[in-house]
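Visitor: Below: one structure in structure tokens.
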Amino acid sequence: MNVRPVRRLKLRLLALLTAVTATLALAVSPLSPPTTAVAAVPRHRVTYDHYSVSIDGQRVLLRSAEFHYFRLPSPDLWRDVLEKYRSAGFNTVSIYFDWAYHSPKAGVYDFTGVRDVDRLLTIAQQAGLYVIARPGPYINAETTGGGFPAWLKNVPGRARTSAPGYTAAYRDWLGHIDPILARHQITRGGSVILYNVENEYAEATDAAYMEDIQKKARADGIDVPTMTNDCCDAASWTSTWASGQGAVQIPGVDDYPQGFDCANADTSWGPWGAGLTERLRDDTPVFAAEYQGGSIDQQNAGFDKCRELTGPKYMKFFYKSNLIESGATAFNYYMGFGGTNWGWLAQPNDVYTSYDYGSAITENRLLSDKYDEFKRQNLFLASVAPLTRTDPATAPASSDKAIETVARANPDTRTQFVLVRHSDHTATTDDSATLDWTTPDGRYQVPVRVKGRDAKVLIAGYDLGGQRLVWSNSELMTNSYTGGRDVAVLYGTDGTQGSTVLRYSSQPTVKVLQGSVKASYSPRPTDPGVPPGSSSGDLRLDYTHSGLARVLISGGGRRPLLLLLGTDAEAAKFWQAGPLLVRGTSLVRSATVSGQTAYVRADTAKAEDIEVFGDARRLVVNGSPVGTRPTASGSLLGTLPGPKAVRLPALTGWRSKAESPETQPAFDDSGWTAATKTTTESPLKPKTPTVLYADDYGYHYGDVWYRGRFTGTGAETKVSLNAFTGKRGSYLVWLNGRYLGSAAGGVEADADAPVNPDPGRGDFTIPAGLVKAGQQAVLSVLVENQGHNDDWIADDNRFKQPRGLYAVTVAGSDAPIAWRIQGAKGGENLTDPTRGPLNSGGLYGERAGWHLPAYPDGTWKTGAATEVTPGVTWQRTSFRLDLPKGQDVPIALRFGGPVGQGYRVQIFLNGWNLGQYGGDIGPQTDFTLPAGLLRQHGGNTLALAIVARADATPAPVSLVALDNERGGVPVSDVPSPSFR
Ligand code: IPT
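If you use mature numbering (1 follows the signal peptide of the UniProt record, and there is no 0), the sequence shown corresponds to residues -27 to -1, 1 to 953, in order.
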């Protein structure tokens, strides 16, 4: 993201479950549900109108969250996360496809292993999710180059326009990705339902380009509707692609009402606006193409602060307000799970290694309180079909001006949805009011209370299965017909009063099974349509939201209803899985019923109860029969075991070795690339006689070494350098083997104003006598390329900012300097295609395979590197894990103490670069070691490359288990080639 276009108002604000007796013969149940024969692939049709998207003519409310496979390099874990999405009530996942992740070199593409997006799309479908496919070509997403491969910096023509060079390049990308997406479209039996064209494309407004992406997509077989995400609100951006040349079928809008100031999470409240998704066309649904689900951490506050910034209070107020005020029926929350900027995936100006994003599902795949809130809201949206077609309606008057209401109604069912919130949207007070509510079933005085920052969506006139819900001041979470009865979960703020009114044709029988609930029945002979003398009337239940109350209602002319009335926390214990409602466990992944056996897949962090509501008499969880007893609620109650305790090994047996031989004058660099080019595609022209930009020589990611030879005059006093590294980067300088020091690298030279002449200037004093007259001197410079700028505003000045040396002068000499450059071994011709282009750079150890498993480090010094000197020092060890099978134990590498200063550490697990630690980089001390890359049952190799700018004592590291769940998904080891 770019912070520069301050003229845009909103963007200006950026700166800112008892022991159980088994009663049933368990032996009769098989341990897995019977599999059904594979049917012919069904094909479906996606349409849309003013109200919603429809699939095969059925309106569907799209509940999506964003997921980046490229930030989780372990395909089996894609299933874990996507199942967690589904269990939170999402029915859709939105996925960016990152061009840079797949293409090391123009014309070269890889869709295998961790890059197997065909497998990803199959898993998404198996998890029961529709897919919004977002292949760019530009994606932003705080990923290096905004998804553009760095080789594109060498392609002439402005990126994100119809310039011929760029056009040929993006058409090649789309030519590779589109056919994969096409065969996974819902129209061909897959689950891709929408195709996102470009990303927040506003600044270049090249309509022919927008049109061509769509033409290309159609030619490649894309037949689902096209869409786009317009940045941030229709009023401030020049183009929405809602009409005219380049228009998409369903234009959408991005909204980030909380902005990104995680450091001020406790005080931020909507600095970027009300977060109301605009209607861009009358014949398409209102689409929240990206709606803030977390935040980047621009202040290095740590992602827990970002989770707080975008926590349940924010979600309740902003998400519910947007639902009712804007009438949107398609929501994509960015992000549901953020993941990891492993390797050189980060766009360094906005993010560090972790892309946790303060999401509902943490980087280590744990479920947060935000996950509970998504579940409460999503299950509501999923249960109540009338929400897919609503118009603004007259809202009930509030007796107290501190509380306001906003309403929508479904024109067919007349079901009403009333938003209740503080009139002062920032208020944190506790207020009560009475609503004078004319519902479809009569006029009522409804008590409401808003305690602190909150918002509620109340419902009236709703056919809840076989029931008639007249109104409730509790919020509905879910309702379903299961086990021969309607079952509904309603909830409200702990300690607040709750009332629910249901309509019957005669007085029903009410049994309070748990909790304290008062029931009263009042006939309503005067209701319209009710014959005089009839006893049709209202059953009113009054209670306090406290723990969980259970009420069974039967008779009254309707099928039985079980009402479960709880607090927010009690509601969050429920899972709607397939034909079952389940209470308890840390996660219910899926459920089926076959015969009278319920097959449930669930995770447990401790031994706890599981309660299952549905047509089942026996229970099998994770393939094991569970003893249960029937309850008065008609459910089955059993107890599940927790996980076995896990002990992680201590990291011992270290060996270390310093390298940086490149600093020595006699080092043989004859195999390096001579930096002799005199032209570059970068709009920023170098201040050196030959181009020294790393990308121009095919060295795109990670560290780059330079060696420059010149003949000494003996009068040299100072060397002045300038290098671009991206934010968080430095460069280190040696002359004739002597370390001269380091400087912070430049991020970019200003694109609009005259070029910043000193983006990353460093001046280094040359000690007298170091350079001798007439003798050859050798400058050695290690430049840390932290990743590439994005192209948010379609500005080559920004995207094509170089990495590497930009200016070099030696005071006291005008002798020509002959430069050689060395980055990742092989450059664009990958030597390690398994791990891909972003895994490793040009450190000596990386070029020599020191990061790889089985590298022979037997001659290295024993012990960890406790003291390092400027330059690069490696330490390696190996450890074995044998974690209990059928458990999910997310493990991280933890650096002890405060974040280390003056050095950074590149972390390699089994050869995979899992991030960078250090004070220059960010606040992060825990680094995710994802299962799959981490061999859970076998040997692992850990290699740390320490790049020190000064003498330093590196922080000690240890393995930590961040959770322990019985359950999870099976995870196989990701192939990790060894040193050969
Ligand atoms: C929006 C981008 O579309 C998305 O790719 C990501 O960068 C997100 O921002 C921030 O994480 S742009 C919007 C915030 C201006």
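For every residue, glycine included, the Cβ atom is placed at its ideal position computed from N, Cα and C. These figures come from a predicted structure and were not determined experimentally.
Taking 6 Å as the line, does the beta carbon of Y229 fall inside it for any heavy atom of ligand 1?
Guide: Yes, ligand 1 has a heavy atom inside 6 Å of this Cβ.
Visitor: Does ligand 1 have even one heavy atom less than 6 Å from the beta-carbon of A542?
Guide: Not under cutoff, so the answer is no.
Visitor: Take L354 as the anchor and find which of T653, R32, Q748 and Y454 has the nearest alpha-carbon.
Guide: Per the Cα distances, R32.
Visitor: Which same chain residues end up closer than 6 Å to P77 when comparing Cβ atoms and leaving out the 5 residues on each side of it in sequence?
Guide: Cβ neighbours of P77 beyond the five flanking positions: E801, L803 and P810.
Visitor: Below 8 Å on the Cβ atoms is my contact criterion, and I expect E171 with T201 to pass it. Report the Cβ-Cβ distance as a whole number of Å.
Guide: The Cβ separation is near 6 Å, so the contact holds.
Visitor: Measuring straight from C-alpha to C-alpha, what distance separates W792 and L778?
Guide: Each residue's Cα considered, the two are about 11 Å apart.
Visitor: How long is the line joining the alpha carbons of residue 983 and H395, rounded to whole angstroms?
Guide: The displayed coordinates of the chain run from -27 to 953. Any statement about residue 983 would go beyond what the structure contains.
Visitor: Which of the three DSSP states, helix, strand or coil, is assigned to Y670?
Guide: The answer is helix: DSSP assigns Y670 an H, G or I state.
Visitor: So is the beta-carbon of N113 under 6 Å away from any non-hydrogen atom of ligand 1?
Guide: Yes, Cβ of N113 sits closer than 6 Å to a heavy atom of ligand 1.
Visitor: Alpha carbon to alpha carbon, how far is P857 from R619? Give it in angstroms, no decimals.
Guide: The amino acid at residue 619 is misidentified as Arg; the sequence shows Val. Their Cα atoms are separated by approximately 8 Å.
Visitor: With a threshold of 8 Å on Cβ separation, who are the neighbours of H23 within its own chain once the five nearest residues in sequence on each side are excluded?
Guide: Taken in chain order, the residues that qualify are D255, D256, T257 and P258.
Visitor: Measuring straight from C-alpha to C-alpha, what distance separates L463 and A261?
Guide: Spanning the two alpha carbons is a distance of roughly 26 Å.
Visitor: Taking only the alpha-carbon atoms, compute the straight-line gap between Y572 and A192 and give it to the nearest angstrom.
Guide: For Y572 and A192, the distance between alpha carbons rounds to 44 Å.
Visitor: Looking only at DSSP bridge pairs, what is W548 linked to?
Guide: Answer is V555.
Visitor: Provide the residue span of the alpha helix (DSSP H) that contains R278, from first to last.
Guide: Strictly speaking, residue 278 in this sequence is Lys, with Arg absent from that position. F276 to L282 is the span of the alpha helix (DSSP H), which, as asked, contains K278.
Visitor: Tell me the DSSP bridge mates of H17?
Guide: None, per the DSSP bridge assignment.
Visitor: Excluding the five sequence neighbours on either side, which residues of its own chain have a C-beta within less than 8 Å of the C-beta of R853, listed in chain order?
Guide: Correct list, in chain order: P622, G911, G912 and N913.
Visitor: Within 10 angstroms of the Cβ of P789, are there 16 or more other Cβ atoms? Answer buried if so, exposed if not.
Guide: Exposed is the call here.
Visitor: A575 and T558: beta carbons closer than 7 Å?
Guide: Contact flag set, yes.
Visitor: Quick check on DSSP: helix, strand or coil for V944?
Guide: Here V944 sits in coil by DSSP.
Visitor: Spatial neighbours of S951 within its chain, please: C-beta separation below 7 Å, excluding the five flanking residues on both sides.
Guide: For S951, where only same-chain residues beyond five positions count, the Cβ hits under 7 Å are L825, P826 and A827.
Visitor: Rounded to the nearest angstrom, what separates G940 and T832 at their Cα positions?
Guide: Distance between the alpha carbons of G940 and T832 is about 42 Å.
Visitor: Specify whether the segment 638 to 655 and the segment 868 to 885 touch according to this definition: at least 3 beta carbon pairs, one from each stretch, less than 8 Å apart.
Guide: Result no; under three Cβ-Cβ pairs closer than 8 Å.
Visitor: With a cut-off of 8 Å, do at least 3 Cβ pairs link the segment 336 to 343 to the segment 354 to 371?
Guide: Taking 8 Å as the limit for Cβ pairs, the verdict is that the segment 354 to 371 does not touch the segment 336 to 343.
Visitor: Evaluate contact between the segment 318 to 334 and the segment 397 to 405, counting only Cβ atoms and requiring at least three cross-stretch pairs below 8 Å.
Guide: No: fewer than three Cβ pairs fall under 8 Å.
Visitor: Suppose contacts are defined by Cβ-Cβ distances below 7 Å. Is A522 in contact with G488 by that definition?
Guide: Contact flag set, yes.
Visitor: Going by alpha carbons, who is nearest to Y21 out of T302, V566, A928 and W885?
Guide: Y21 has its Cα closest to that of T302, out of T302, V566, A928 and W885.
Visitor: Take the Cβ of A667 as the centre, count every other Cβ of all protein chains shown within 10 Å, and call the residue buried at 16 or more, exposed below.
Guide: Buried, by the Cβ-count rule.
Visitor: Given 8 Å as the limit, is there contact between the segment 104 to 112 and the segment 137 to 155, that is, 3 or more CB pairs closer than that?
Guide: They touch, by the three-pair rule.
Visitor: How would you label A(-3), buried or exposed, when you count the other beta carbons within 10 angstroms and need 16 or more for buried?
Guide: Reliability fails at A(-3), whose pLDDT of 31 lies under 50, so the model's placement of it is uncertain and the value that follows must be treated cautiously. Exposed, because fewer than 16 other Cβ atoms sit within 10 Å of the Cβ of A(-3).
Visitor: For Q897 versus S327, is the C-beta spacing smaller than 7 Å?
Guide: Contact: yes.
Visitor: Quick check on the burial criterion: 16 or more other C-beta atoms within 10 angstroms. Buried or exposed for E840?
Guide: Label assigned to E840: exposed.
Visitor: I need the boundaries of the beta strand (DSSP E) containing G912, first residue and last residue.
Guide: Start and end: H910 to A921.
Visitor: Where does H75 fall in DSSP's three states?
Guide: Note: H75 maps to helix in three-state DSSP.
Visitor: With DSSP run on the structure shown, which of helix, strand or coil describes N169?
Guide: Reduced to three states, the DSSP call for N169 is strand.
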